[in-house]
Amino acid sequence: MKPYLREKAPKTLSEILEAPAYESGYLVTKNAGWRNIRPVINADKCVGCLQCYLYCPDGVIYKDGGKVAIDYDFCKGCGICKKMCKTGAIEMEAEK
Amino acid sequence: MSVNAKTLNEDEFFYGHKACAGCGGSLAVRIALKVLGERSVAVLPAGCMSAVGFNFPQLCFGNNAIISTFAGTASMLTGVEAGLRAQGITDFHAVGFAGDGGTADIGLQALSGAIDRNDDILYICYDNEAYMNTGIQKSSLTPFGAKTTTTPAGKNIRGNLRPKKNMFEIVAAHGIPYAATASVGYLNDFMQKVEKAAKIKGTKYIHIIAPCPTGWGIATDETVEIAKEVVDCGLWYLAEFENGEYKLNYQPKEFTDIESYLKKQSRFRHLTDEDIETIKRSRDAKWDAIHNNFKIN
Ligand SMILES: Cc1ncc(C[n+]2csc(CCOP(=O)(O)OP(=O)(O)O)c2C)c(N)n1
Ligand code: SF4
Ligand code: SF4
Ligand code: SF4
Ligand SMILES: [Mg+2]
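Protein chains in written order, with my numbering: chain A, 2 to 97; chain B, 13 to 309.
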């Protein structure tokens, strides 16, 4: 399981359950707007060591065919992945 | 074989949260849940991790998770464990994630009670060394010299006057089945400790240093490095307490420079040479005690 974006965000009181509990992993907003720099992976340099995946505080790096990819909807651009990458496969680029 | 980046559960259970970029606490929560898996019931008191994880309708835990009162992490864990057990459910982990304030200050009594009853729970303290969620106030785990909003740095008083409380050994002194220290700079060590704790019956406690870029005054990409450096310069250590014995897990060959660790962070930038000497002396005294009382691998 991984929390994921839902199509419907409750907007009115009647859409909100009366129970004090709600479905887990229910996301209605992205974090992409927080970012002013974005990590970009150079697949040629990536050796699939997974250190970026392990240390990403947001868990947005995932395994992808022996290498890794990034879920930009939720990456905040902290830059930790770049620091963890020993092969220099990750560059931070300005968001336009 | 113990868990590592390659064997770790690919599911994410703390995702889409609103923690600041580079937040060490969120890394600790994320990794612990990946080790423990979907059948974890997480209890989070007031503090950053509950504030960033539950913003209805944005609910960032993929497992069952609940907010407790600030003081009540351990007592709610007790209730979760007893309630599930009463229903005949056995394949779960009751795990708490509380901050330093929630653990060493207001939640200490509830935690002490749970350890005394030896309830089958795992309590993880993510230690960012201040009350971050309410705007960086000193807790009893704020280290000597650190500037917070309640221990400002001025001419006469330069930040926090009191040393960091020794939570790990306070917990161990209860005779707890398992306690450990960790750092988000050494995640393999942390993952092994979570995995080990999950297999032990009774109360388990893990204390993990989790830098906060916002409160420590570091860049968002420095969290992991600084969490490594605090161990490498000897101001924190990786250890375990088990079967009544302390064990050191990692002995840095030579300590890195304390001043360089401190001066990277704006919360310490005001410290004088004399303050840094005081910090060095207390580090050396701590390591003397470690060498006298801990089993060294
Ligand atoms: C009984 C009570 N007192 C005070 C508060 C306000 N409060 C909410 S979070 C918080 C700070 C928590 O600090 P810590 O436990 O270190 O966690 P952090 O925010 O640093 O992650 C405080 C004081 C509260 N929610 N309940
Ligand atoms: S920049 Fe930060 S949030 Fe984005 S992928 Fe890298 S480590 Fe994760
Ligand atoms: S740290 Fe670098 S080499 Fe390793 S998986 Fe990530 S991008 Fe690839
Ligand atoms: S204030 Fe610190 S602990 Fe709280 S979310 Fe931000 S980085 Fe994390
Ligand atoms: Mg705190």
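Ideal Cβ placement from N, Cα and C applies to all residues, glycine included.
Select from the options the residue whose C-alpha is nearest the C-alpha of residue i.
{"i": "G95/B", "options": "D131/B, M179/B, G227/B", "result": "D131/B"}
{"i": "G229/B", "options": "I288/B, W248/B, S278/B", "result": "S278/B"}
{"i": "Y23/A", "options": "H29/B, E24/B, G74/B", "result": "G74/B"}
{"i": "P143/B", "options": "A126/B, D287/B, K275/B, P57/B", "result": "A small correction: the amino acid at residue 143/B is Tyr; Pro does not occupy that position in the sequence shown. The option with the nearest alpha carbon to Y143/B is P57/B."}
{"i": "L51/A", "options": "P223/B, G36/B, N200/B, G214/B", "result": "N200/B"}
{"i": "V41/B", "options": "W299/B, I218/B, D287/B, F267/B", "result": "I218/B"}
{"i": "T81/B", "options": "S62/B, A98/B, A231/B, F68/B", "result": "S62/B"}
{"i": "D300/B", "options": "G246/B, N255/B, K275/B", "result": "G246/B"}
{"i": "Y198/B", "options": "V64/B, F180/B, E22/B, V243/B", "result": "V243/B"}
{"i": "C76/A", "options": "Y63/A, G67/A, D59/A", "result": "D59/A"}
{"i": "I220/B", "options": "M179/B, S14/B, G125/B", "result": "M179/B"}
{"i": "E252/B", "options": "I270/B, F202/B, T268/B, A239/B", "result": "F202/B"}
{"i": "G78/A", "options": "G66/A, C53/A, L28/A", "result": "C53/A"}
{"i": "T163/B", "options": "T85/B, F280/B, V55/B, K259/B", "result": "F280/B"}
{"i": "F267/B", "options": "D287/B, E237/B, K292/B, T193/B", "result": "K292/B"}
Using only the heavy atoms of ligand 4, determine whether one of them is closer than 8 Å to the beta carbon of residue i.
{"i": "C35/B", "result": "yes"}
{"i": "P69/B", "result": "no"}
{"i": "S124/B", "result": "no"}
{"i": "G84/B", "result": "no"}
{"i": "A110/B", "result": "no"}
{"i": "G227/B", "result": "yes"}
{"i": "A231/B", "result": "no"}
{"i": "V196/B", "result": "no"}
When every heavy atom of ligand 5 is checked, does at least one fall within less than 8 Å of the C-beta of residue i?
{"i": "A142/B", "result": "yes"}
{"i": "G49/A", "result": "no"}
{"i": "D139/B", "result": "yes"}
{"i": "C245/B", "result": "no"}
Counting only C-beta atoms, is residue i closer than 9 Å to chain A at any point?
{"i": "R42/B", "result": "yes"}
{"i": "E24/B", "result": "yes"}
{"i": "F280/B", "result": "no"}
{"i": "I30/B", "result": "Per the sequence shown, residue 30/B should be read as Lys rather than Ile. K30/B counts as touching chain A."}
{"i": "C245/B", "result": "no"}
{"i": "L20/B", "result": "yes"}
{"i": "A33/B", "result": "yes"}
Is residue i near ligand 3, judged by its Cβ being under 8 Å from some heavy atom?
{"i": "G94/B", "result": "For clarity, residue 94/B is Ala in the given sequence; the question names Gly instead. No, Cβ of A94/B sits at least 8 Å from all heavy atoms of ligand 3."}
{"i": "C82/A", "result": "yes"}
Is the shortest distance between the beta-carbon of residue i and the beta-carbons of chain B less than 9 Å?
{"i": "I42/A", "result": "no"}
{"i": "G78/A", "result": "yes"}
{"i": "L14/A", "result": "no"}
{"i": "V1/A", "result": "Any answer about residue 1/A is impossible in this case: the structure gives chain A only from 2 up to 97."}
{"i": "I71/A", "result": "no"}
So is the beta-carbon of residue i under 8 Å away from any non-hydrogen atom of ligand 1?
{"i": "I169/B", "result": "no"}
{"i": "T163/B", "result": "no"}
Output, in chain order, the set of chain A residues within a Cβ distance shorter than 8 Å of residue i.
{"i": "C137/B", "result": "Per Cβ cutoff of 8 Å: no residues; C137/B is ~18 Å from chain A at best."}
{"i": "S38/B", "result": "P58, D59"}
{"i": "A17/B", "result": "C50, L51, Q52, Y54, L55"}
Under 8 Å between beta-carbons, which chain B residues line up against residue i? List them in chain order, please.
{"i": "A1/A", "result": "The requested residue 1/A does not occur in the structure, where chain A is confined to residues 2 to 97."}
{"i": "Y23/A", "result": "F68, P69, L71"}
{"i": "K64/A", "result": "E22"}
For residue i, which residues in chain B fall below 9 Å Cβ to Cβ?
{"i": "G83/A", "result": "Inspection of the sequence shows that residue 83/A is occupied by Lys rather than by Gly. Ordered by position in chain B, the residues that pass the 9 Å Cβ test against K83/A are D233."}
What in chain B is Cβ-close to residue i, meaning under 7 Å?
{"i": "K3/A", "result": "D23, E24, Y27, G74"}
Going along chain A, which residues have a C-beta under 7 Å from residue i?
{"i": "L250/B", "result": "By Cβ distance, chain A contributes nothing, its closest Cβ being about 17 Å from L250/B, past 7 Å."}
{"i": "L199/B", "result": "L55, Y56"}
Residues within the segment 25-38 of chain A neighbouring chain B, beta-carbon criterion of under 7 Å
S25, G26, Y27, L28, V29, T30, N32, W35
Residues of the segment 71-103 of chain B with Cβ closer than 9 Å to any Cβ of chain A, in chain order
L71, C72, F73, G74, N75, N76, A77, I78
Which of the residues in the segment 222-241 of chain B, read from start to end, lie with their CB under 9 Å from any CB of chain A?
P225, A231, T232, D233, E234, T235, V236, E237
Mind listing which residues of the segment 43-61 of chain B have their C-beta closer than 7 Å to chain A's C-betas, in chain order?
E50
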